[in-house]
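Take a look at the structure below.
There are 2 protein chains.
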Amino acid sequence: MGQVPITFIRQVLALISYTPLLDDPKFPEDVKKRAREILAGCRGGSVGSYTDSPGIEIIRKHVAEYIQRRDGGIPCDWQDVVLSAGASDGIKAVMKLLINEEGGKKPGVMVPIPQYPLYSATIAEFNMSLAGYYLNEEKNWGLDIKELERSISEAKKTTNVRAIVIINPGNPTGQVLSRENIEEIIKFAYKEKLIIFADEVYQDNVYAEGSKFHSFKKVLTELGEPYSKMELASFMSCSKGYMGECGLRGGYAEVINLCPNVKAMYLKSISAMLCPTVLGQAVMDCVVAPPKEGEPSYATWKKEKDSVLKSLNERAKLVADTFNSIDGISCNTVQGAMYAFPQIKLPAKAIEAAKAKGQAPDAYYAFELLERTGICIVPGSGFGQKPGTYHFRTTILPQTEKLREMLEGFKKFHTEFVKEHQ
Amino acid sequence: MGQVPITFIRQVLALISYTPLLDDPKFPEDVKKRAREILAGCRGGSVGSYTDSPGIEIIRKHVAEYIQRRDGGIPCDWQDVVLSAGASDGIKAVMKLLINEEGGKKPGVMVPIPQYPLYSATIAEFNMSLAGYYLNEEKNWGLDIKELERSISEAKKTTNVRAIVIINPGNPTGQVLSRENIEEIIKFAYKEKLIIFADEVYQDNVYAEGSKFHSFKKVLTELGEPYSKMELASFMSCSKGYMGECGLRGGYAEVINLCPNVKAMYLKSISAMLCPTVLGQAVMDCVVAPPKEGEPSYATWKKEKDSVLKSLNERAKLVADTFNSIDGISCNTVQGAMYAFPQIKLPAKAIEAAKAKGQAPDAYYAFELLERTGICIVPGSGFGQKPGTYHFRTTILPQTEKLREMLEGFKKFHTEFVKEHQ
Numbered sequence: 001m002g003q004v005p006i007t008f009i010r011q012v013l014a015l016i017s018y019t020p021l022l023d024d025p026k027f028p029e030d031v032k033k034r035a036r037e038i039l040a041g042c043r044g045g046s047v048g049s050y051t052d053s054p055g056i057e058i059i060r061k062h063v064a065e066y067i068q069r070r071d072g073g074i075p076c077d078w079q080d081v082v083l084s085a086g087a088s089d090g091i092k093a094v095m096k097l098l099i100n101e102e103g104g105k106k107p108g109v110m111v112p113i114p115q116y117p118l119y120s121a122t123i124a125e126f127n128m129s130l131a132g133y134y135l136n137e138e139k140n141w142g143l144d145i146k147e148l149e150r151s152i153s154e155a156k157k158t159t160n161v162r163a164i165v166i167i168n169p170g171n172p173t174g175q176v177l178s179r180e181n182i183e184e185i186i187k188f189a190y191k192e193k194l195i196i197f198a199d200e201v202y203q204d205n206v207y208a209e210g211s212k213f214h215s216f217k218k219v220l221t222e223l224g225e226p227y228s229k230m231e232l233a234s235f236m237s238c239s240k241g242y243m244g245e246c247g248l249r250g251g252y253a254e255v256i257n258l259c260p261n262v263k264a265m266y267l268k269s270i271s272a273m274l275c276p277t278v279l280g281q282a283v284m285d286c287v288v289a290p291p292k293e294g295e296p297s298y299a300t301w302k303k304e305k306d307s308v309l310k311s312l313n314e315r316a317k318l319v320a321d322t323f324n325s326i327d328g329i330s331c332n333t334v335q336g337a338m339y340a341f342p343q344i345k346l347p348a349k350a351i352e353a354a355k356a357k358g359q360a361p362d363a364y365y366a367f368e369l370l371e372r373t374g375i376c377i378v379p380g381s382g383f384g385q386k387p388g389t390y391h392f393r394t395t396i397l398p399q400t401e402k403l404r405e406m407l408e409g410f411k412k413f414h415t416e417f418v419k420e421h422q
Numbered sequence: 001m002g003q004v005p006i007t008f009i010r011q012v013l014a015l016i017s018y019t020p021l022l023d024d025p026k027f028p029e030d031v032k033k034r035a036r037e038i039l040a041g042c043r044g045g046s047v048g049s050y051t052d053s054p055g056i057e058i059i060r061k062h063v064a065e066y067i068q069r070r071d072g073g074i075p076c077d078w079q080d081v082v083l084s085a086g087a088s089d090g091i092k093a094v095m096k097l098l099i100n101e102e103g104g105k106k107p108g109v110m111v112p113i114p115q116y117p118l119y120s121a122t123i124a125e126f127n128m129s130l131a132g133y134y135l136n137e138e139k140n141w142g143l144d145i146k147e148l149e150r151s152i153s154e155a156k157k158t159t160n161v162r163a164i165v166i167i168n169p170g171n172p173t174g175q176v177l178s179r180e181n182i183e184e185i186i187k188f189a190y191k192e193k194l195i196i197f198a199d200e201v202y203q204d205n206v207y208a209e210g211s212k213f214h215s216f217k218k219v220l221t222e223l224g225e226p227y228s229k230m231e232l233a234s235f236m237s238c239s240k241g242y243m244g245e246c247g248l249r250g251g252y253a254e255v256i257n258l259c260p261n262v263k264a265m266y267l268k269s270i271s272a273m274l275c276p277t278v279l280g281q282a283v284m285d286c287v288v289a290p291p292k293e294g295e296p297s298y299a300t301w302k303k304e305k306d307s308v309l310k311s312l313n314e315r316a317k318l319v320a321d322t323f324n325s326i327d328g329i330s331c332n333t334v335q336g337a338m339y340a341f342p343q344i345k346l347p348a349k350a351i352e353a354a355k356a357k358g359q360a361p362d363a364y365y366a367f368e369l370l371e372r373t374g375i376c377i378v379p380g381s382g383f384g385q386k387p388g389t390y391h392f393r394t395t396i397l398p399q400t401e402k403l404r405e406m407l408e409g410f411k412k413f414h415t416e417f418v419k420e421h422q
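Which chain is which? The protein sequence lines are Y and X, in order.
Note that UniProt numbering gives residue 388 to position 388 of the first sequence, counting from 1, and the numbers run on in steps of one.
Note that UniProt numbering gives residue 403 to position 403 of the second sequence, counting from 1, and the numbers run on in steps of one.
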C-alpha cells in the first residue's frame with residue numbers, strides 16, 4: 001500500500017522467521033514474548049510446519065478476544081474463527097459452501113453495485129448467479145430496502161437466492177453504514193433466509209465525523225432472537241486498516257450459527273489446502289493483539305498507527321472536497337475505507353467519441369486521463385453503476401503531497417476534456 | 001516437517017521482513033544482497049505490497065534459470081512460470097481451466113491409485129470426474145501403459161478425459177519413475193490428447209541407487225516434435241526437498257505450450273486472488289537460487305542440505321528394510337519422496353472384526369495400532385488401493401532415533417495383532 005510498515009509487526013515476523021534473533025538485545029521484550037508465544041503454537045516450534053487448517057489455536061483465540069472487545073463484550077467463540085490467506089481466500093472458502101443447485105436452479109448471491117470484483121469473479125467461477133442491488137448514491141451509497149426487494153424478486157425468477165454480500169465500510173464507495181441501515185438489512189436477510197456475508201475488512205478505516213463502524217455480528221446479536229441465530233460470516237484482513245500488509249496475506253473469517261453439518265464440510269474443504277501461510281497468521285495476531293499500554297512497543301505502535309489513520313483521514317477529505325470543487329464531478333463524503341467513487345457528467349460528444357472507439361464512455365475518459373497525465377483511475381463500469389451514469393474509482397492511498405499534485409493534474413485535465421467535447 | 005530450518009532461507013526472511021536488519025553486521029553479505037534484490041522487486045520496496053499475481057518478476061526469472069539448469073540447458077521462459085502459495089494452490093489454479101463441460105460430458109482427470117488426496121478433493125470440488133489408474137506394485141509402483149489404457153477407455157464412456165496426473169517421485173508410494181516409463185506416459189498422453197500434470201514436488205528427494213529424477217519437461221522436449229509441443233504443467237513446492245518449509249506456502253507452476261487464450265484466462269483467474277504470499281515467494285527464490293560456492297553462506301547451506309538429505313536417505317532404507325523384516329508386511333524400495341506404502345496381509349479374523357465395527361480392514365488395523373502404541377499411520381483406503389489388498393502410508397520424516405523406536409513398537413504390535421486374529 002506504499003505506507004510505512006508497523007515496526008511491531010515486522011519485528012515479530014523477523015524473530016519468528018529467524019529464531020536466533022530472540023536473543024538479540026536490540027528487540028523489545030514484548031516483541032520477543034509475542035514471537036515466543038506464536039512459535040509455541042507452531043509444531044516443532046517452527047513457522048515452517050503446517051498448522052491446523054483453520055490456523056494456530058492461540059491466534060484464533062486472540063482474534064476471538066479482539067472481536068469480543070470490538071463488539072463491547074458480545075461473546076466470540078474462537079472455534080468460529082478461521083484464519084485465511086487474506087480476506088479473499090476466506091470469502092471464497094465460505095462462498096464455496098453455497099455451490100449446490102436445488103430444484104435445477106443455480107444458487108444466487110446478492111452483491112452491491114458498484115461492487116468489489118472478487119465477488120463477481122468468484123460467483124462466476126463457482127457457476128452461481130449474481131443478483132445485483134444498486135447502492136443509493138443520493139443516500140451516500142446506503143442500502144435501500146426497496147431496492148433489495150426489487151433485486152431479490154427479480155433474481156428469484158431464475159435462481160435460488162442464498163446469500164447477501166454487504167461491504168461495510170464500502171469498496172469502492174467509501175460509505176459507512178448506519179446502525180439503522182444494518183438493522184434493516186438484517187431483517188431483510190432474515191425474511192428472505194439469506195446468509196449474510198459481511199465484508200468488514202475496512203473496519204479500522206472510518207474517518208467522517210458522526211460515522212462509526214458497527215459490525216453485523218454486534219447488531220444482529222443485539223437485535224436478539226430470531227435474528228441472533230442467523231448465519232453470518234464476517235471477514236477481516238491484514239491488507240487494510242492502518243497496517244496495509246497486503247503482500248503478507250493474513251485474514252480471518254468469523255462464521256456463526258452455521259448448521260453443524262455445513263460447518264464440518266467447511267472445515268473439511270479448507271483442509272485440502274493444508275493451512276494459510278503461518279507468517280500471514282502471525283501478522284493477523286499482531287493486528288488483533290497489538291502492544292498494550294505500558295509495554296515497550298506501545299508508544300511506537302501508537303504513533304505509527306495514529307499517523308497512518310490521521311493522514312488517511314485528511315486525504316479522505318481532500319479527495320472528496322477537490323472533486324466536488326470541479327464542475328461536472330460530484331463525490332460523496334468518503335466516510336471510510338480507502339476509495340472515492342465520484343460521478344462524472346460526460347458531454348454528449350464524449351459519449352459519441354467513446355462509442356466510435358468501441359469503449360465505454362467512462363473507460364474512454366479514463367484512458368484519455370491516463371494518456372495525457374499519467375494518472376490512473378478505474379472506470380466505474382469495472383465495478384458496476386446505474387445505466388446512464390458514469391463514475392470512476394480512485395484511492396486515497398498516495399501520500400498527501402503526491403495526492404495534491406494528482407488532484408491538480410486531474411482538475412486541469414477534466415476542464416480541458418469537457419471543453420474539447422462541448 | 002520437524003527438520004531444522006535452512007539458515008540462509010530464514011535469514012533472508014528476517015531481513016526482508018524487518019529491513020533495519022540490512023545494516024546488522026551479524027548477517028552475511030550474500031544474505032543481504034539477496035534480501036535487497038527481493039525488496040527491489042517489491043513495490044515500494046516492501047514485502048507488504050501486492051506483487052503481480054504470477055509473482056515477482058526477478059523470482060520468476062530465478063525459477064526459470066533453476067529449471068534450465070536442472071534440465072541440462074533446455075530453455076525455460078520465465079513467463080511460463082507462475083508462483084503460488086504452495087504447490088496445492090498452483091495445481092488447483094491450473095486444474096480449474098479444465099472445468100468446462102463439452103457435449104454434456106464432465107471433464108475427466110486421470111489420477112493414480114494410490115493418490116495424494118488433493119486430487120480427488122479438487123476434482124470433486126470442481127464437479128469433474130476422477131478416472132483412477134492403478135500403479136503397479138509389482139513394478140515398484142511404476143505406470144503400466146495397459147492399465148492407463150484400461151482406465152481411459154472405461155472413463156471415456158461417461159467423461160471427456162482431459163488430463164493425466166503423475167506424481168513423481170510418488171506420494172504416497174515413494175517410487176521414482178524411470179526415463180523409459182516417462183517416455184511411454186508422454187506418448188500415451190499425446191495419443192489421447194491429455195494435458196500432463198507433473199506433480200514433481202519431491203524432485204530433490206531421490207535416495208535409491210540407480211534412481212534419478214527426470215522431469216517431464218526434459219523428457220518431453222528431448223522426444224522432439226510432436227511431443228515437445230504438448231501442454232504440460234509441472235509443480236514444485238518449498239514444503240518438501242531438503243527445506244521442508246510447509247508453513248511458509250511457497251511454490252510454482254511451469255506451464256508450457258498452453259493455447260494463448262487459455263493462458264490469458266489462467267492469468268486472469270489467478271488475479272482474483274491478488275498474489276501469493278510475498279514471503280512464500282521469497283522462500284521459493286532461496287530454494288531455486290541457493291548460495292553459490294565461494295559465497296559466505298555456501299558452506300553452512302551445503303552442510304545443512306546434505307545433512308537433511310543424507311538422513312532422509314538412511315531413513316528411507318531403514319523404513320523399507322524394517323517393514324520387509326516383519327512377517328506379513330511387504331514394502332517396495334523407497335526410491336524417493338518421503339513415504340512408504342507397505343502392503344499388509346490381514347488375517348481373515350481381522351477382516352471380520354473390522355466389518356463388525358463398520359470399519360475398512362486397514363482402518364481397523366490403523367486404529368488398533370494407534371490405540372495400543374500411539375503410532376499414527378494412514379490406512380491405504382485413504383489413498384486408494386487394489387480391491388482386496390491392504391496398505392498403509394507412513395513417513396520417513398521422524399528423526400532416526402524416534403523412527404527406530406516407532407518401528408520396533410510397530411513390529412511388536414503387528415506380531416501380537418496377527419496372533420490375536422489367527
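Quick reminder that beta carbons are idealized off the backbone N, C-alpha and C, glycines included.
Source: prediction; values computed, not measured.
>> To the nearest angstrom, how far is the alpha carbon of Y:Q343 from that of Y:A121?
In response: Against the first sequence, residue 343 of chain Y aligns to sequence position 343. Against the first sequence, residue 121 of chain Y aligns to sequence position 121. Between Y:Q343 and Y:A121, the C-alpha separation is close to 24 Å.
>> Can you look up X:M284 in the DSSP assignment and give me helix, strand or coil?
In response: Here residue 284 of chain X is taken as the residue at index 284 of the second sequence, counted from 1. Looking at X:M284 - three-state DSSP - the assignment turns out to be helix.
>> Against chain Y, which members of the stretch 83-100 of chain X pass a CB distance test of less than 9 Å?
In response: A85, G86, S88, D89, K92, K96 and I99
> Whose CA, out of X:T159, X:R372, X:I152 and X:Q175, lies closest to the CA of X:E138?
Replying inline: Here residue 138 of chain X corresponds to residue number 138 of the second sequence, with the count starting at 1. For the residues X:T159, X:R372, X:I152 and X:Q175, the minimum Cα distance to X:E138 belongs to X:Q175.
> Are the beta-carbon atoms belonging to Y:C238 and Y:G250 less than 8 Å from one another?
Replying inline: For the purposes of this step, residue 238 of chain Y is taken as the residue at position 238 of the first sequence. For the purposes of this step, residue 250 of chain Y is taken as the residue at position 250 of the first sequence. Yes. Within cutoff.
> For X:K345, is the classification buried or exposed, using 16 other Cβ atoms within 10 angstroms of its Cβ as the cut-off for buried?
Replying inline: As a working mapping, residue 345 of chain X is identified with position 345 in the second sequence. It counts as exposed.
> Taking three-plus beta-carbon pairs below 8 Å as touching, is the stretch 193-208 of chain X in contact with the stretch 327-337 of chain X?
Replying inline: yes
> When burial is assigned at 16 or more other CB atoms within 10 Å of the CB, is X:S325 buried or exposed?
Replying inline: Numbered from 1 along the second sequence, position 325 holds the residue referred to as residue 325 of chain X. Answer is exposed; the Cβ neighbour count stays below 16.
> List, in order along the chain, the chain Y residues whose C-beta lies closer than 9 Å to that of X:V109?
Replying inline: Your numbering for residue 109 of chain X matches position 109 in the second sequence. In chain order: nothing, as chain Y lies at least about 15 Å away.
>> From the DSSP secondary-structure annotation, give me the bridge partner or partners of X:I59.
In response: Here residue 59 of chain X refers to the residue found at position 59 when the second sequence is read from its first residue. According to DSSP, which records beta bridges pairwise, X:I59 is partnered with nothing at all.
> Alpha carbon to alpha carbon, how far is Y:P290 from X:N127?
Replying inline: Here residue 290 of chain Y refers to the residue found at position 290 when the first sequence is read from its first residue. Here residue 127 of chain X refers to the residue found at position 127 when the second sequence is read from its first residue. One C-alpha to the other measures close to 43 Å.
> Any idea what DSSP makes of X:Y134, helix, strand or coil?
Replying inline: Start at 1 with the first residue of the second sequence, and residue 134 of chain X comes out as number 134. X:Y134: strand per DSSP, three-state reduction.
> Of all the CB atoms in chain X, is at least one closer than 8 Å to the CB of Y:P387?
Replying inline: The residue you call residue 387 of chain Y lines up with position 387 of the first sequence. Output row for Y:P387: interface = no.
>> What would DSSP say about Y:Q343, mapped onto helix, strand or coil?
In response: On the first sequence, position 343 is the one that residue 343 of chain Y refers to. DSSP places Y:Q343 in strand when its eight states are reduced to three.
> What's the gap between the Cα of X:M1 and the Cα of X:I396?
Replying inline: Counting from one through the second sequence, the residue named residue 1 of chain X turns up at place 1. Counting from one through the second sequence, the residue named residue 396 of chain X turns up at place 396. Only weak support exists for where X:M1 lies, its pLDDT of 44 falling under 50; the coordinates are left without a value.
>> Quick check: is the beta carbon of X:E420 nearer than 8 Å to any beta carbon in chain Y?
In response: Counting from 1 along the second sequence, the entry for residue 420 of chain X is found at position 420. Look at X:E420: its C-beta is not under 8 Å from any C-beta on chain Y.
> If you run the structure through DSSP and keep just helix, strand and coil, what is Y:S325?
Replying inline: Working through the first sequence from its first residue, we reach residue 325 of chain Y at position 325. Three-state DSSP puts Y:S325 in coil, outside helix and strand.
> In three-state DSSP terms, what is X:Y364?
Replying inline: Position 364 of the second sequence, counting from 1, holds the residue named residue 364 of chain X. X:Y364: helix per DSSP, three-state reduction.
> Can at least three beta-carbon pairs, one atom from the stretch 106-120 of chain Y and one from the stretch 156-166 of chain Y, be found at a separation below 8 Å?
Replying inline: yes
> Is any beta-carbon of chain Y found at less than 8 Å from that of X:Y18?
Replying inline: Reading the second sequence from its first residue, position 18 is the one you call residue 18 of chain X. Closer than 8 Å: yes.
> What residues in its chain sit with their C-beta under 6 Å from that of X:P107, if we drop five residues either side in the sequence?
Replying inline: Walking along the second sequence from the start, residue 107 of chain X turns up at place 107. Cβ within range, chain order: L98, M128, N160 and R162.
> When the Cα atoms are used, what is the spatial distance from X:V278 to X:R10?
Replying inline: Here residue 278 of chain X refers to the residue found at position 278 of the second sequence. Here residue 10 of chain X refers to the residue found at position 10 of the second sequence. Separation of X:V278 and X:R10 (C-alpha to C-alpha, rounded to the nearest whole angstrom) is 14 Å.
> Per DSSP, X:Y390 forms a beta bridge with which residues?
Replying inline: Translated into positions along the second sequence, residue 390 of chain X becomes position 390. For X:Y390, which the question treats as bridged, DSSP gives the partners X:I344.
>> Output needed in chain order: residues of the stretch 253-282 of chain Y with a Cβ under 9 Å from some Cβ in chain X.
In response: K268, S269, S271, A272, M273, L274, C275, P276, T277, V278, L279, G280 and Q281
> Hey, would you say Y:G244 sits closer than 8 Å to X:Y50, going by beta carbons?
Replying inline: On the first sequence, residue 244 of chain Y is found 244 positions in, with the first residue counted as 1. On the second sequence, residue 50 of chain X is found 50 positions in, with the first residue counted as 1. Against a cut-off of 8 Å, the Cβ pair of X:Y50 and Y:G244 comes out as no contact.
>> Please report the straight-line C-alpha distance between X:A264 and X:G280, rounded to a whole angstrom.
In response: One-based indexing of the second sequence puts residue 264 of chain X at position 264. One-based indexing of the second sequence puts residue 280 of chain X at position 280. Cα-Cα distance, rounded: 24 Å.
> Taking all protein chains shown into account, do 16 or more other C-beta atoms lie within 10 angstroms of the C-beta of X:C376, making it buried, or fewer, making it exposed?
Replying inline: What you label residue 376 of chain X is simply residue 376 of the second sequence in a count that begins at 1. Exposed: under 16 other Cβ atoms inside 10 Å.
> Exposed or buried, which one is Y:R179 when buried takes at least 16 other CB atoms within 10 Å?
Replying inline: Counted from its first residue, the first sequence places residue 179 of chain Y at position 179. Flag for Y:R179 reads exposed.
> Going along the chain, which residues of the stretch 121-143 of chain X sit with their C-beta nearer than 9 Å to a C-beta in chain Y?
Replying inline: A121, T122, E125 and N127
>> Quick check: does the Cβ of X:W78 come within less than 7 Å of any heavy atom belonging to the ligand PLP?
In response: This structure lacks the ligand PLP, and indeed carries no ligand of any kind.
> Can X:H380 and X:R393 be called in contact, C-beta distance under 8 Å?
Replying inline: Numbered from 1 along the second sequence, position 380 holds the residue referred to as residue 380 of chain X. Numbered from 1 along the second sequence, position 393 holds the residue referred to as residue 393 of chain X. Note on identity: in this sequence residue 380 of chain X is Gly, with His being the wrong assignment. Yes, the Cβ-Cβ distance between X:G380 and X:R393 is below 8 Å.
> For X:D306, does the three-state DSSP call read helix, strand or coil?
Replying inline: In the second sequence, residue 306 of chain X corresponds to position 306, counting from 1. Helix at X:D306.
> Nearest to X:V94 by alpha carbon, out of X:L135, X:I38 and X:F235?
Replying inline: In the second sequence, counting from the first residue as 1, residue 94 of chain X sits at position 94. Here the closest residue by C-alpha is X:F235.
> Under three-state DSSP, which class holds X:F126?
Replying inline: For this step, residue 126 of chain X is matched to residue 126 along the second sequence. Three-state result, X:F126: coil.
> Does the distance from the C-beta atom of Y:F216 to that of Y:I195 stay below 8 Å?
Replying inline: Here residue 216 of chain Y is taken as the residue at index 216 of the first sequence, counted from 1. Here residue 195 of chain Y is taken as the residue at index 195 of the first sequence, counted from 1. In this structure, Y:F216 lies away from Y:I195, with their beta-carbon atoms at least 8 Å apart.
> Interface residues of chain Y around X:P118 at Cβ under 7 Å?
Replying inline: Counting from 1 along the second sequence, the entry for residue 118 of chain X is found at position 118. For the record, residue 118 of chain X in the displayed sequence is Leu; it is not Pro. By Cβ distance, chain Y contributes A272.
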